[in-house]
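Colleague:
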Amino acid sequence: MALTEEIDPQRRYVRVQASGALTLPQMERHFDVLFAAGALSFAKLFVATLAEPSYTAAEVLRMGSRLASYAEAYAQSPLAVVAIRPEIVDTLDRLRRLSPALRRARLFQREDEARSWLGVRDDAPFPARAPA
Numbered sequence: 000m001a002l003t004e005e006i007d008p009q010r011r012y013v014r015v016q017a018s019g020a021l022t023l024p025q026m027e028r029h030f031d032v033l034f035a036a037g038a039l040s041f042a043k044l045f046v047a048t049l050a051e052p053s054y055t056a057a058e059v060l061r062m063g064s065r066l067a068s069y070a071e072a073y074a075q076s077p078l079a080v081v082a083i084r085p086e087i088v089d090t091l092d093r094l095r096r097l098s099p100a101l102r103r104a105r106l107f108q109r110e111d112e113a114r115s116w117l118g119v120r121d122d123a124p125f126p127a128r129a130p131a
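Shown next, in the form of structure tokens:
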């Protein structure tokens, strides 16, 4: 599984591309990356059309609990999820019920529609990444 985050502090925007098996430890690392970058309150685009959920109902509850704690400390931001797999749709629905942080979450089938809803231009590049 790969979770690739692109963070643009100038536009206060994050794009995440998920592919392959999606696990709770990967999602926790993702939340840590956003926290360390100061990006928890940025608008987020989570593209999961190539992701295959690999987590349990208990792990979804754990994710929901973590997201709820962020909602208490950070401004809520919109989240656009691009997904077609029923398991991802179901997970988003469950997380919405568990966490106030996801009340501004919306599901899309196409990335261009999600970007439009977030108010993000397709042609605006992300800042260059520093070599790791």
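Under numbering that gives the first Met the number 0, read the sequence shown as residues 0 to 131, first letter to last.
For every residue, glycine included, the Cβ atom is placed at its ideal position computed from N, Cα and C.
#1: Could you give the distance in angstroms between the alpha-carbon of Glu3 and the alpha-carbon of Leu21?
#2: What residue range does the beta strand (DSSP E) around Gly63 cover?
#3: What's the gap between the Cα of Leu33 and the Cα of Leu60?
#4: Does chain B have any CB closer than 8 Å to the CB of Pro85?
#5: Whose C-alpha, out of Ala47, Ala42, Gln9, Gly118, is nearest the C-alpha of Ile87?
#6: May I ask you to report which of helix, strand or coil DSSP gives Arg96?
Modeller: Once the coordinates are examined:
#1: Against the sequence shown, residue 3 aligns to sequence position 4. Against the sequence shown, residue 21 aligns to sequence position 22. One detail in the question is off: residue 3 reads as Thr in this sequence, not Glu. About 12 Å.
#2: Sequence index remark: in the sequence shown, residue 63 carries index 64 (1-based). It is not in any beta strand (DSSP E) - Gly63 instead sits in the alpha helix (DSSP H) that spans 56-72.
#3: By one-based count along the sequence shown, residue 33 stands at place 34. By one-based count along the sequence shown, residue 60 stands at place 61. Approximately 20 Å, taken between the alpha carbons.
#4: Here there is only one protein chain, and chain B is not present.
#5: By 1-based counting over the sequence shown, the position of residue 87 is 88. Per the Cα distances, Ala47.
#6: Here residue 96 refers to the residue found at position 97 of the sequence shown. Correct three-state label for Arg96: helix.
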